[in-house]
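A.B. asks: Let me begin by handing over the structure; questions about it come next.
The following block contains the structure:
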């Protein structure tokens, strides 16, 4: 077998993301439109997209920004929604440890859902794949470019669509499509139901604290459900 | 919602994305996540999103709309059903928006 070069590994990373492009673009478009329709300017929406590169946290922050939630709560909520990135990096850092620390950091910064799934799929299929960090980089950059193109297209399209279409709702609907499949795991479903109920009951608390209360009760309920019914564990 | 607060909120969301992605690589192998921490982390995003979506559908400008004819609520319920049937994100968003537009204009 001939030795695989870094360039080939990089190109394979790019190629493996391309089939997912329509899905990434659809999400990015919705995020772009929802940001504009929630009242962000074109500069603000573009800045948020480029700097955060985290669709669900961006969408989650929008209702909070509109309703004037305090900065610490917006930031904390975005951290909670992004906690999956901590889990991703716990998994990927083992395979990127050969790189200098600065490279490790910006490779870690480029992680995204789709490319993470592709990366872990490759690790399962070919555990000894050479130049794994070049593959990671190719997949990450391809994912980033597709997302940003879709997002900026959405921002521009959104600025042309009249506000009375109510398209900011599409952001919450996109989040529904994200949460529902997670509920196949029963403890997650319990957590989601409790979080929904508590955030509704506690809505009138000042500073949007009902949100925080909802997350904490939801997570506790999910952990409790998991400990009660360990046999249903799928992960 | 003035310009200045929005830019701060954007900085806050950007900060969250950088911190969550880089905290472990930055600390290096010294910090490990125990299995129990990892399993509780997996529930956080779903619970946070639910706690954001539900009030967003039920309240409009701070006022509760529990009416069965609340277009946002109907669109949300329709989206859950459409996702369960089609498993397609795009169909879910489009279908939910169509329910929203129809109920808003005809009810």
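Chains as they are written, first to last, in my numbering: chain A, 3 to 237; chain B, 141 to 247. Just so you know, even glycine gets a beta-carbon here, dropped at the ideal spot from N, CA and C. As the structure is a prediction and not an experimental result, all values here were calculated from the model.
Who are the neighbours of residue 156 of chain B on chain A, taking C-beta pairs under 7 Å?
C.D. replies: Counting from 1 along the second chain, the entry for residue 156 of chain B is found at position 16. Within chain A, the residues near residue 156 of chain B are 59, 77, 80, 81 and 84.
A.B. asks: In angstroms with no decimal places, state the Cα-to-Cα distance between residue 59 of chain A and residue 165 of chain B.
C.D. replies: Indexing the first chain from 1 puts residue 59 of chain A at position 57. Indexing the second chain from 1 puts residue 165 of chain B at position 25. Approximately 21 Å between the Cα atoms of the pair.
A.B. asks: Closer than 6 Å by C-beta to residue 223 of chain B: which residues in its own chain qualify, once you throw out the five before and the five after it? Chain order, please.
C.D. replies: Walking along the second chain from the start, residue 223 of chain B turns up at place 83. Hits under 6 Å: 232.
A.B. asks: Just the C-alpha distance for residue 146 of chain A and residue 55 of chain A, rounded to the nearest angstrom, thanks.
C.D. replies: One-based indexing of the first chain puts residue 146 of chain A at position 144. One-based indexing of the first chain puts residue 55 of chain A at position 53. Roughly 8 Å separates the two Cα atoms.
A.B. asks: Given a threshold of 16 other Cβ atoms within 10 Å of its Cβ, counted over all protein chains shown, does residue 171 of chain B qualify as buried or as exposed?
C.D. replies: Taking the second chain and counting its residues from 1, one reaches residue 171 of chain B at position 31. Flag for residue 171 of chain B reads exposed.
A.B. asks: Between residue 93 of chain A and residue 203 of chain B, what straight-line distance do the alpha-carbon atoms span, to the nearest angstrom?
C.D. replies: Position 91 of the first chain, counted from the first residue, corresponds to residue 93 of chain A. Position 63 of the second chain, counted from the first residue, corresponds to residue 203 of chain B. Their backbone Cα atoms lie some 43 Å apart in a straight line.
A.B. asks: Taking C-beta to C-beta, are residue 212 of chain A and residue 201 of chain A nearer than 7 Å?
C.D. replies: On the first chain, position 210 is the one that residue 212 of chain A refers to. On the first chain, position 199 is the one that residue 201 of chain A refers to. Cβ atoms of residue 212 of chain A and residue 201 of chain A: closer than 7 Å.
A.B. asks: Mind pulling the chain B residues with CB within less than 8 Å of residue 29 of chain A?
C.D. replies: Taking the first residue of the first chain as 1, we reach residue 29 of chain A at position 27. Correct list: 229.
A.B. asks: Where does residue 114 of chain A sit, in a helix, a strand or coil, going by DSSP?
C.D. replies: The residue given as residue 114 of chain A occupies position 112 in the first chain. In the structure shown, residue 114 of chain A sits in coil (DSSP, three-state: anything other than H, G, I, E or B).
A.B. asks: Can you confirm whether residue 234 of chain A, when its beta carbon is compared against all beta carbons of chain B, has any partner nearer than 7 Å?
C.D. replies: Looking up residue 234 of chain A in the first chain gives position 232. Confidence is the limiting factor: at residue 234 of chain A the pLDDT is only 49, short of 50, which leaves the residue's position unreliable and the question unanswerable from this model.
A.B. asks: Just how far apart, CA to CA, sit residue 231 of chain A and residue 179 of chain B?
C.D. replies: Along the first chain, one-based indexing puts residue 231 of chain A at 229. Along the second chain, one-based indexing puts residue 179 of chain B at 39. Looking at the two C-alpha atoms, the distance is approximately 14 Å.
A.B. asks: Report the three-state DSSP secondary structure of residue 199 of chain B (helix, strand or coil).
C.D. replies: For this step, residue 199 of chain B is matched to residue 59 along the second chain. Residue 199 of chain B: strand per DSSP, three-state reduction.
A.B. asks: With residue 52 of chain A and residue 144 of chain A assumed to form a contact (beta carbons below 8 Å), what rounded beta-carbon distance in angstroms separates them?
C.D. replies: As a position in the first chain, residue 52 of chain A is number 50, starting the count at 1. As a position in the first chain, residue 144 of chain A is number 142, starting the count at 1. Residue 52 of chain A to residue 144 of chain A, Cβ: 17 Å. No contact.
A.B. asks: Could you confirm whether any beta carbon from chain B is found closer than 7 Å to the beta carbon of residue 51 of chain A?
C.D. replies: Within the first chain, residue 51 of chain A is the residue found at index 49, counting from 1. Chain B, which has no Cβ nearer than 7 Å to the Cβ of residue 51 of chain A, makes this no.
A.B. asks: Could you tell me the alpha carbon to alpha carbon distance between residue 109 of chain A and residue 206 of chain B, rounded to whole angstroms?
C.D. replies: Mapped onto the first chain, residue 109 of chain A falls at position 107. Mapped onto the second chain, residue 206 of chain B falls at position 66. Each residue's alpha carbon lies about 46 Å from the other.
A.B. asks: Rounded to the nearest angstrom, what separates residue 71 of chain A and residue 143 of chain B at their Cα positions?
C.D. replies: Sequence index remark: in the first chain, residue 71 of chain A carries index 69 (1-based). Sequence index remark: in the second chain, residue 143 of chain B carries index 3 (1-based). Using only the alpha carbons, I get a separation of about 14 Å.
A.B. asks: What residues of chain B sit near residue 25 of chain A, judged by a beta carbon separation below 9 Å?
C.D. replies: The residue you call residue 25 of chain A lines up with position 23 of the first chain. Under the 9 Å cutoff, chain B gives 229 and 230.
A.B. asks: Checking the sheet assignment: what are the DSSP bridge partners for residue 214 of chain A?
C.D. replies: Along the first chain, one-based indexing puts residue 214 of chain A at 212. DSSP, once it has assigned bridges, lists no residue as partnering residue 214 of chain A.
A.B. asks: Nearest-angstrom Cα distance between residue 207 of chain A and residue 216 of chain A?
C.D. replies: By 1-based counting over the first chain, the position of residue 207 of chain A is 205. By 1-based counting over the first chain, the position of residue 216 of chain A is 214. Going by the C-alpha atoms only, they are around 12 Å apart.
A.B. asks: Below 8 Å on C-beta distance, what does residue 241 of chain A contact in chain B?
C.D. replies: Not covered by the structure: residue 241 of chain A. The range shown for chain A is 3 to 237.
A.B. asks: Could you please give the first and the last residue of the uninterrupted alpha helix (DSSP H) stretch that includes residue 166 of chain B?
C.D. replies: Sequence index remark: in the second chain, residue 166 of chain B carries index 26 (1-based). Taken as a continuous stretch (DSSP letters only), the alpha helix (DSSP H) holding residue 166 of chain B covers 143-167.
A.B. asks: If you count every other CB in all the chains shown that lies within 10 Å of the CB of residue 170 of chain A, and 16 or more means buried, which is it?
C.D. replies: Position 168 of the first chain, counted from the first residue, corresponds to residue 170 of chain A. Counting Cβ neighbours within 10 Å, residue 170 of chain A comes out buried, since at least 16 surround it.
A.B. asks: Just to check my reading of the structure: residue 34 of chain A and residue 165 of chain A have Cβ atoms closer than 8 Å, yes? What is that Cβ distance to the nearest angstrom?
C.D. replies: Numbered from its first residue, the first chain carries residue 34 of chain A at position 32. Numbered from its first residue, the first chain carries residue 165 of chain A at position 163. Not a contact, Cβ separation roughly 15 Å.
A.B. asks: Measuring CB to CB, does residue 179 of chain A end up less than 7 Å from residue 229 of chain B?
C.D. replies: Numbered from its first residue, the first chain carries residue 179 of chain A at position 177. Numbered from its first residue, the second chain carries residue 229 of chain B at position 89. Yes, Cβ-Cβ distance for residue 179 of chain A and residue 229 of chain B is below 7 Å.
A.B. asks: Nearest CA to the CA of residue 102 of chain A: which residue from A/177, A/195, A/16 and A/135?
C.D. replies: Position 100 of the first chain, counting from 1, holds the residue named residue 102 of chain A. With distances taken between Cα atoms, residue 102 of chain A lies closest to A/135.
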